[in-house]
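Undergrad: Those letters in the sequence shown? Residues -6 to 517, by the working numbering.
Cβ coordinates follow ideal geometry from the N, Cα and C atoms, glycine included.
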Amino acid sequence: MKIKNILIILCFITSLNTAFANDGWLNILNEGGNNKGIKCTEAIQNAIEKASKNGGGTIFFPAGEYLTGALTLKSNITIHLDSGALLKFSENFDDFLPYVEMRYEGIVMKSFQPLFYAKDVENITIKGRGVIDGQGKAWWNEVYRIETAKEPLPPTKYQTMWEEQNKGLYTEPYYKRTVDKKFFRPSFFQAYNCKNILIEGVTFQNSPFWTINPEFCDNVTVTGISIFNPHSPNTDGINPSSCTNVHISNCHISVGDDCITIKSGRDGDGRKYGKATENVTITNCTMLSGHGGVVIGSEMSGGIKKITISNCVFDGTDRGIRIKSARGRGGVVEDIRVDNIVMKNIKEEAIILDLFYDKENKAEPVTERTPIFRNIHISNVTGGNVNKAGFIRGISEMPIQNISFSNINMDGKEGFTVNTATDIEFHDVKVNATVGSSFKISDSKNIILDNVGSSTPIKGVPVIKLDNVSNMMINNNFPFNATDVFIEANGKETKNIFLKNNVFNNVTTAIKKGKDLDKKAITE
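1. Measure the alpha-carbon distance for Asn47 versus Leu19 and round it to whole angstroms.
2. Within its chain, find whatever has a CB closer than 6 angstroms to the CB of Ala36; leave out the 5 residues flanking it on each side and keep chain order.
3. Just list the residues that DSSP pairs Phe491 with in beta bridges.
4. Please report how far the alpha carbon of Lys160 lies from the alpha carbon of Asp251, in whole angstroms.
5. Please state the DSSP three-state secondary structure of Ala142.
6. Contact defined as beta carbons within less than 8 angstroms: I believe Ile297 pairs with Ser257. What is the distance between those atoms, to the nearest angstrom?
7. In terms of residues, what are the limits of the alpha helix (DSSP H) holding Thr153?
8. Grab the span of the beta strand (DSSP E) containing Tyr167 for me, first residue to last.
9. So, at 6 angstroms on beta carbons, what are the nonlocal neighbours of Ile302 in its own chain, with the 5 sequence-adjacent residues on each side left out?
10. For Thr375, which residues of its own chain have a beta-carbon under 6 angstroms away from its beta-carbon, when the five flanking residues on both sides are left out?
11. Hey, is the stretch 442 to 459 in contact with the stretch 411 to 431, meaning 3+ C-beta pairs nearer than 8 angstroms?
12. What is the C-beta distance between Glu342 and Gly383, in whole angstroms, given that I count them as a contact (C-beta under 8 angstroms)?
13. Could you tell me the boundaries of the beta strand (DSSP E) in which Asn39 lies?
14. Compute the Euclidean distance between the alpha carbons of Arg178 and Asp416, then round it to the nearest angstrom.
15. Using the DSSP secondary-structure output, state which residues sit across from Val273 in a beta bridge.
16. When you compare each of Glu361, Ser430 and Gly387 to Phe349 by their alpha carbons, which one comes out closest?
17. Would you list the residues sitting across from Glu390 in a DSSP beta bridge?
18. Would Ala514 be called buried (16 or more neighbouring beta carbons within 10 Å of its own) or exposed?
19. Asn468 and Lys493: beta carbons closer than 8 angstroms?
20. Are the beta-carbon atoms belonging to His284 and Arg322 less than 8 angstroms from one another?
21. Taking the straight line between their C-alpha atoms, what separation do you get for Ala63 and Val248?
22. With Lys423 as the anchor, note down where its beta strand (DSSP E) starts and where it stops.
23. Does the stretch 97 to 107 come close enough to the stretch 47 to 60 that 3 or more CB-CB pairs lie under 8 angstroms?
24. Can at least three beta-carbon pairs, one atom from the stretch 67 to 87 and one from the stretch 112 to 129, be found at a separation below 8 angstroms?
25. Under DSSP, the beta strand (DSSP E) around Gly285 begins and ends at which residues?
26. Going by DSSP, which residues form a beta bridge with Asp260?
27. Please state the DSSP three-state secondary structure of Phe209.
28. Buried or exposed: where does Ile300 fall if 16 or more other Cβ atoms within 10 Å of its Cβ makes it buried?
29. Nearest to Val93 by alpha carbon, out of Leu80, Ser389 and Ala111?
30. Which value, in whole angstroms, describes the spacing of the CA atoms of Ser372 and Lys43?
31. Just to check my reading of the structure: Thr487 and Val462 have Cβ atoms closer than 8 angstroms, yes? What is that Cβ distance to the nearest angstrom?
32. Less than 8 angstroms between the CB atoms is what I'm expecting for Ser431 and Ser447, so what's the real figure, rounded?
33. Is it right to say Lys143 is buried, meaning 16 or more other beta carbons lie within 10 angstroms of its own, or is it exposed?
34. Given a cut-off of 8 angstroms on the beta-carbon distance, is the pair Gly127 and Ser200 in contact?
35. Considering only C-alpha positions, which residue in the set Thr164, Gly194, Val411 and Ser235 is nearest to Leu442?
36. Excluding five sequence neighbours on each side, which residues of the same chain lie with their C-beta closer than 6 angstroms to the C-beta of Asn483?
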C-alpha cells in the first residue's frame, strides 16, 4: 500500500513538472543562463525567441546576478525578475550593435540598440521586484570625453558607423552641436511602434540615456516602478513620445534630468511623422532629484494633447510643472489638466510655460513652425521654498492662451510673471514672495485676477504690477494684512482695467499709477 501511494505521488509530481514546463514560463537558469554575473546575452535572447515561437511566454530570472548585452523583445513576451534578481547590462558598446532604427531626442535615426528594444510588436511586459542596472557610467564618460575635447578627436568606429548609416539626415542648424558628436547613447527601454506595453514593479538604475522611452506606441502602462539615476547627462525617467493612451502611476523617480517628460518629435522630423502624444494620465507619483517633475516638450512638433497630471509630490526638483518649446518647433500643446500637486524645495520655477526654451530668435509669420500653447488649467497646488512661483512667456505672433490657475498657494522668493499671453485667469491664488511683486503681468490681455494676493506684502513693492496690459478684471480682493501698495500700473498700452468688489481697508495705496498710464485706463 505504501509503495502504491509513493508511486501515485511520484506520478503527481511528474505531471506537475510537465505542466509547469509547458505553462509558458522559462527559467533562464534552465535555458543556458547563469546568475553568477557572467555574460549570457545569447541564452536570454534564445529564450525570448523560443517563447516567441510558442506564441509567447515569461522569461523568469530567479535571485542572483545576470549580465547581458542588448535584448530584443518579441510579441507576447514577459521579462519577470524575482526579488533578489539583478540584471546588469554590459559596459561594452559592441554589445549594442548592430545599429537599429530608433529615436533620439525626437529625431529618427540609426544608432545603438536600446538595452531593451522592441519594434512592431505587441503585448510586451517587464515586471517583478528585481533590479535592472544599465551601468550607464561608461556611456556618460564617453559623452564627457567627446564634449570636453579641446581639439578635434579622431572618429571612433561607432562615429564612423553612425555617419555611414545616417547619410542625408537633416536637422536644424541649432542642433548641429549635438549631431556633430555622432554618438547617441541608447535608451534603457525603447519600444518603437508597439502596442500593449506593461512595465510594473521593477527598479531601473544607471540608465545610459532616457530610461523608459516608448516611441509611436499605443496603450502603455507604467506602474509601481522606481527609477534611480545619479547626476548624469540626459538620464530622464519616463519619456513617452508620439504615443497614445499612456498610463503612469505610483512611481518613484530620482534622476539626472527630467523625471517624466511628454514629447512628440523635434522640428521638421517630428512634423514629418505628425504623431501626437495624447490621452496621458500621470498620478500618484513622487519625484525627487531631477530638472523637472513633469515636463511637456521641448520636442513637441507632433503635438501634445489631452493630458492629466494629479496627486503628485515634487521635492527637490529644479522645476515642478514645465511646458517648453521654441519657434521653429511647431506643434500644439493643448487640453492639459494639473491638479492636487505638492511642491517643496524647487530650485527654479514651480510652474513654467515658455516658448523661448532653447533659443532666442526673431518673430516670424505663423506657419507650421509656430508652436502653440493653449487650454492649460492648473489647480490645487501647494508650493513651499520655491525660487519662483510661476513664469509664462509667449511669442509675439502666438501668445500663450487660455490658461487658468485656481487654488494655488506658494511660498518662495519670487512670484508669478506673465508676458505675452491672453485669456489668463488667477482664482484664489496666494503668493508669498520675499523679493518683488507676487504678480507681474506685461504685454498681455484678457486677464482676470480673482481673490489673489500675498500674506507677506513687502513695503514699497506692489502686490500686482501691470505694464501694457489690456482688458483686465481685478475683483474680490481683500488683503487681510497691512499692505503698502496693492496695484501698480504703467505702460501706454494699459487700458480697460476694471476693479470690482474689492475691499482695500488694509491698503495704504490701492493703485499707484505710472507716468505713462492713460488717465482713463483704470475704472474703479
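TA: For this structure:
1. Distance between Asn47 and Leu19, taken at the CA atoms: about 11 angstroms.
2. Excluding the 5 residues flanking it on each side, Ala36 has same chain C-beta neighbours closer than 6 angstroms at Glu24, Gly25 and Gly26, in chain order.
3. According to DSSP, residue pairing for Phe491 in a beta bridge involves Met466 and Thr516.
4. Whole-angstrom Cα-Cα distance: 31 angstroms.
5. When secondary structure is reduced to three states using DSSP, Ala142 falls in the coil class, being assigned neither helix nor strand.
6. Right, the Cβ-Cβ distance comes to about 6 angstroms (below 8 angstroms), so this counts as a contact.
7. For Thr153, the enclosing alpha helix (DSSP H) has its first and last residue at Lys150 to Gln158.
8. Taken as a continuous stretch (DSSP letters only), Tyr167 belongs to no beta strand (DSSP E), as it is neither H nor E.
9. Answer for Ile302: Ile275, Val287 and Val331, listed in chain order.
10. Closer than 6 angstroms at Cβ, skipping near neighbours: Val335 and Asn402.
11. Yes, they touch.
12. The pair is a contact, with the Cβ atoms about 6 angstroms apart (cut-off 8 angstroms).
13. First-last for Asn39: Thr34 to Lys46, but that is the alpha helix (DSSP H), not the beta strand (DSSP E).
14. Cα-Cα distance, rounded: 42 angstroms.
15. Paired residues: Val239 and Ile300.
16. Nearest option by C-alpha distance: Gly387.
17. As computed with DSSP, Glu390 is found in no beta bridge at all.
18. So Ala514 counts as buried.
19. In contact: Asn468 and Lys493 (Cβ atoms closer than 8 angstroms).
20. Cβ atoms of His284 and Arg322: not closer than 8 angstroms.
21. Computed Cα separation, rounded: 22 angstroms.
22. Its beta strand (DSSP E) spans residues Ala414 to Ala426.
23. With the cut-off at 8 angstroms, the stretch 47 to 60 and the stretch 97 to 107 do not touch.
24. Yes, the stretch 67 to 87 touches the stretch 112 to 129.
25. From DSSP, the beta strand (DSSP E) with Gly285 extends over Gly285 to Ile289.
26. The partner list for Asp260 (beta bridge, DSSP) is empty, contrary to what the question assumes.
27. Phe209 carries a coil assignment under DSSP once its states are collapsed to helix, strand and coil.
28. If you draw a 10 Å sphere on the C-beta of Ile300, you find 16 or more other C-beta atoms in it, and that means buried.
29. Comparing Cα positions, the closest option is Ala111.
30. Ser372 and Lys43 have their C-alpha atoms roughly 50 angstroms apart.
31. About 5 angstroms; that satisfies the 8 angstroms criterion.
32. That belief holds up - the Cβ atoms of Ser431 and Ser447 are roughly 4 angstroms apart, short of 8 angstroms.
33. The residue is exposed, with fewer than 16 neighbouring Cβ atoms inside 10 Å.
34. Yes; because the gap between Cβ atoms is below 8 angstroms, this pair is in contact.
35. Comparing Cα-Cα distances from Leu442 to each of Thr164, Gly194, Val411 and Ser235, the minimum goes to Val411.
36. Cβ neighbours of Asn483 beyond the five flanking positions: Asp460, Gly507, Asp509 and Leu510.
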